[in-house]
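Note sheet for the following structure.
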Amino acid sequence: MTRSADDPAAGAEAPPPGAVPPGRTARPHRAGPDWPFHAAFIALGSVYVLLVVALLAADVLSTSPRHLLDALAKPEIRFAVRLTLVTCTIAALLSIVVAMPLAYLLSRHEFPGRRAVEAVLDIPVVLPPLVLGLSLLILFHLPVAGATLESLAQRHLGMRVAYTPVAVVIAQFAVACAFAVHSLQVTFDRIDPRAEQVARTLGCRRDQAFCRVVLPQAWRGVVAAFTIAWARSLGEFGPILVFAGATRMRTEVLSTTVFLELSVGQLEAAVAVSLIMIAAAIVVLAIVRLLGGKVA
Amino acid sequence: MIEVCGLTVRSGGFRLAAADLGVPSGGYGVLMGRTGSGKTTLLEGICGLRPATAGTVRLDGIDITGAPLSARGIGYVPQDLALFPTMSVRDHLGFALRVRRVPRAEIATRVATLAESLEIAHLGERGVRDLSGGEARRVALGRALSFRPRLLLLDEPLAAVDEATRDRLCVLLRRIQREHGVTTLHVTHSRDEARRLADILYVIEHGVVTSRPLASLAAAGDDA
Numbered sequence: 000m001t002r003s004a005d006d007p008a009a010g011a012e013a014p015p016p017g018a019v020p021p022g023r024t025a026r027p028h029r030a031g032p033d034w035p036f037h038a039a040f041i042a043l044g045s046v047y048v049l050l051v052v053a054l055l056a057a058d059v060l061s062t063s064p065r066h067l068l069d070a071l072a073k074p075e076i077r078f079a080v081r082l083t084l085v086t087c088t089i090a091a092l093l094s095i096v097v098a099m100p101l102a103y104l105l106s107r108h109e110f111p112g113r114r115a116v117e118a119v120l121d122i123p124v125v126l127p128p129l130v131l132g133l134s135l136l137i138l139f140h141l142p143v144a145g146a147t148l149e150s151l152a153q154r155h156l157g158m159r160v161a162y163t164p165v166a167v168v169i170a171q172f173a174v175a176c177a178f179a180v181h182s183l184q185v186t187f188d189r190i191d192p193r194a195e196q197v198a199r200t201l202g203c204r205r206d207q208a209f210c211r212v213v214l215p216q217a218w219r220g221v222v223a224a225f226t227i228a229w230a231r232s233l234g235e236f237g238p239i240l241v242f243a244g245a246t247r248m249r250t251e252v253l254s255t256t257v258f259l260e261l262s263v264g265q266l267e268a269a270v271a272v273s274l275i276m277i278a279a280a281i282v283v284l285a286i287v288r289l290l291g292g293k294v295a
Numbered sequence: 000m001i002e003v004c005g006l007t008v009r010s011g012g013f014r015l016a017a018a019d020l021g022v023p024s025g026g027y028g029v030l031m032g033r034t035g036s037g038k039t040t041l042l043e044g045i046c047g048l049r050p051a052t053a054g055t056v057r058l059d060g061i062d063i064t065g066a067p068l069s070a071r072g073i074g075y076v077p078q079d080l081a082l083f084p085t086m087s088v089r090d091h092l093g094f095a096l097r098v099r100r101v102p103r104a105e106i107a108t109r110v111a112t113l114a115e116s117l118e119i120a121h122l123g124e125r126g127v128r129d130l131s132g133g134e135a136r137r138v139a140l141g142r143a144l145s146f147r148p149r150l151l152l153l154d155e156p157l158a159a160v161d162e163a164t165r166d167r168l169c170v171l172l173r174r175i176q177r178e179h180g181v182t183t184l185h186v187t188h189s190r191d192e193a194r195r196l197a198d199i200l201y202v203i204e205h206g207v208v209t210s211r212p213l214a215s216l217a218a219a220g221d222d223a
């Protein structure tokens with residue numbers, strides 16, 4: 000029912016929302032302290048934080064500088080460190096080269112199948128790592144019109160792929176690139192497309208507007224995406240194990256070193272290598288945190 | 000001279016229907032309309048940011064309807080200015096000249112002259128994040144004029160500034176436009192701006208553009 004301006008009941012006599020109806024007594028409102036709420040949330044939330052801290056502390060406490068130096072003195076582990084640095088850097092660079100255009104297109108354009116492309120990009124993130132490695136192995140050995148990708152690489156590039164360092168890079172790239180795309184898409188989403196449009200009215204071609212106006216705003220995001228891709232590559236294990244193998248002094252990277260050292264009962268060496276990886280991860284996190292808040 | 004004939008542009012669910020409009024060479028046209036009437040869509044259609052589904056845009060007698068955005072020679076100042084956050088004021092004024100590979104010495108001279116004329120020479124290397132509303136508008140205007148465009152499109156260039164700044168910018172706009180002799184189309188919802196600047200007046204309502212005599216601005220009220 001609506002009330003007209005002439006309705007004498009309209010106006011000042013209308014009860015305010017939430018008022019107690021006549022004939023009923025109001026229960027006194029008890030505000031109560033906030034601390035039980037905060038205490039409960041802090042207690043529940045800190046379970047996970049403490050777990051992570053305890054994991055790191057356990058690693059640090061179960062090794063010693065001596066173990067660390069012994070591990071680094073082993074030629075196999077020194078090889079693994081070198082191969083890890085090289086393959087992670089190549090995989091991260093390749094990820095940026097591919098992810099930048101893809102993320103830009105997804106950020107700036109509506110096109111048929113855009114949602115499908117985004118869904119495809121989520122697959123490497125959610126796919127079990129071993130399955131991804133197996134899929135890579137199958138892809139490179141699947142005969143199509145009498146040839147496989149492996150045989151084509153041998154014939155035209157003179158190199159083998161599976162069970163070589165090239166396979167390590169491909170396995171790392173397969174996962175890292177998806178993370179780089181997600182990170183860069185957020186970066187481009189935050190950059191106002193209007194400035195790019197104005198740059199084009201000022202005489203820029205699309206590529207010039209991208210290089211002169213978008214990239215200078217996106218560079219922190221690009222560095223952050225590179226760092227994330229590098230970190231993902233560092234932690235990659237399953238796909239590398241299946242597609243590149245874990246051959247010492249050939250395809251062994253730090254993640255496979257941990258596995259190999261554990262498999263021969265060298266717990267101290269495995270923990271020492273883990274600490275090296277944790278240190279690298281912390282450096283990466285620090286870079287991402289430093290740049291992440293300032294993107295665009 | 001800008002001649003728009005039957006220009007039809009879509010912007011999401013909005014449709015600008017067969018707009019006709021013309022501003023003679025060196026003239027100052029004002030297009031008035033309420034928020035959502037299609038003013039910005041029309042400007043974007045003219046400068047090529049939105050493709051025309053019908054009609055033509057002729058600039059100095061040349062059909063530019065299908066021309067690439069970068070080749071139209073139109074200076075555009077959007078309502079949000081869209082300054083480049085990583086560039087200094089001087090970089091903005093020289094941007095279009097660097098894109099055109101104008102020699103450095105000439106860029107320096109032209110930028111200095113333009114900055115002087117817009118009274119922003121003192122801002123030099125300052126970043127655009129630190130500018131006041133009035134300064135930012137002068138920089139956006141300078142950036143759009145820097146390559147000597149044949150047409151200047153201004154999308155509510157005096158919105159969201161205080162009255163004193165608006166007065167000063169009105170005077171500056173008229174002076175700069177005369178100095179450069181550039182044909183200008185200025186979009187606004189303010190009668191006062193139209194009164195002070197217009198040589199020729201158009202009104203847009205629900206995507207339909209109509210020509211109006213300047214005398215119609217004498218009516219009371221400030222907004223369209």
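Protein sequence lines correspond, in order, to chains A and B. Numbering that gives the first Met the number 0 puts the first residue of the first sequence at 0, with every later residue one more than the last. Numbering that gives the first Met the number 0 puts the first residue of the second sequence at 0, with every later residue one more than the last. Glycine included, each C-beta is placed from N, C-alpha and C at the ideal position.
A/V165 and A/T226 do not touch by the CB rule: their CB atoms are close to 23 Å apart, not below 8 Å. Distance from the CA of B/M31 to the CA of B/S116, rounded to the nearest whole angstrom, comes to 28 Å. In the three-state scheme derived from DSSP, where H, G and I count as helix and E and B as strand, A/G234 is classed as helix. By the neighbour-count criterion, in which a residue is buried when 16 or more other Cβ atoms sit within 10 angstroms of its Cβ, A/C210 is exposed. With fewer than three CB-CB distances shorter than 8 Å, the region 43–63 of chain A does not count as touching the region 248–262 of chain A. By the neighbour-count criterion, in which 16 or more other beta carbons inside 10 Å mark a residue as buried, B/A217 falls on the exposed side. Below the 9 Å Cβ cutoff, chain A contributes no neighbours of B/R173, its closest Cβ being approximately 23 Å away. Rounded to the nearest whole angstrom, the CA to CA distance from B/D129 to A/M158 is 56 Å.
For A/A245, the three-state secondary structure derived from DSSP is coil. In this structure A/M248 is exposed. Its beta-carbon is surrounded by fewer than 16 other beta-carbon atoms within 10 angstroms. Boundaries around B/E134 are those of the alpha helix (DSSP H), 132–144, since no beta strand (DSSP E) includes it. Beta-bridge partners of A/A39 (DSSP): none assigned. Around the beta carbon of B/I45, a 10 Å sphere encloses 16 or more other beta carbons of the protein chains shown; the residue is thus reported as buried.
The region 147–154 of chain A and the region 262–270 of chain A do not touch, with fewer than three beta-carbon pairs separated by less than 8 Å. B/L200 sits close to B/R211, with the two beta carbons spaced by under 8 Å. Boundaries of the beta strand (DSSP E) around B/F13: 13–22.
Here the alpha carbon of B/R165 sits roughly 29 Å from the alpha carbon of A/G202. By the C-beta density criterion, B/T34 is exposed, having fewer than 16 other C-beta atoms within 10 angstroms.
In terms of beta-carbon proximity, A/T200 lines the interface with chain B, with at least one pair separated by less than 8 Å. For B/D62, the CB contacts under 7 Å within the same chain, skipping 5 residues up- and downstream, are T55 in chain order. Three or more beta-carbon pairs separated by less than 8 Å link the region 84–98 of chain B to the region 125–139 of chain B, which places the two stretches in contact.
Under the 10 Å beta carbon count, A/L105 is surrounded by 16 or more other beta carbons and is classified as buried. The contact set of A/D191 on chain B, defined by CB atoms closer than 7 Å, consists of A81 in chain order. In this structure A/L253 touches A/I275 by the C-beta definition: roughly 7 Å separates them, less than 8 Å. Distance from B/G72 to B/T182 at the Cβ level is roughly 11 Å; contact not present, criterion being Cβ atoms closer than 8 Å. One finds L201, G202 in chain A with Cβ atoms closer than 8 Å to the Cβ of B/A95, taken in chain order. The beta carbon of A/V212 falls within 8 Å of a beta carbon belonging to chain B, placing the residue at that interface. Following the DSSP letters along the chain, one finds B/G74 inside the beta strand (DSSP E) bounded by residues 73–76. Within the same chain, Cβ atoms closer than 6 Å to the Cβ of B/A17 are found at G5, T7, the five residues on either side in sequence being excluded.
In this structure, the alpha-carbon of A/R189 lies about 28 Å from that of B/L96. In terms of beta-carbon proximity, B/Y75 lines the interface with chain A, with at least one pair separated by less than 8 Å.
Residues G25 of the same chain have their beta carbon placed closer than 6 Å to that of B/G180, with the five preceding and five following residues left out of the count. Taking 8 Å as the upper bound for CB-CB distance, B/Q78 and B/A143 are not in contact here, some 13 Å apart. For A/A223, no chain B residue has a C-beta closer than 8 Å to its own C-beta; the minimum C-beta separation is roughly 17 Å. Listed in chain order, the non-local C-beta contacts of B/T40 below 7 Å within the same chain comprise V8, S10, F13, L15, R49, local neighbours out to five positions each way being set aside.
Taking CB atoms only, A/V160 has no neighbour in chain B less than 8 Å away.
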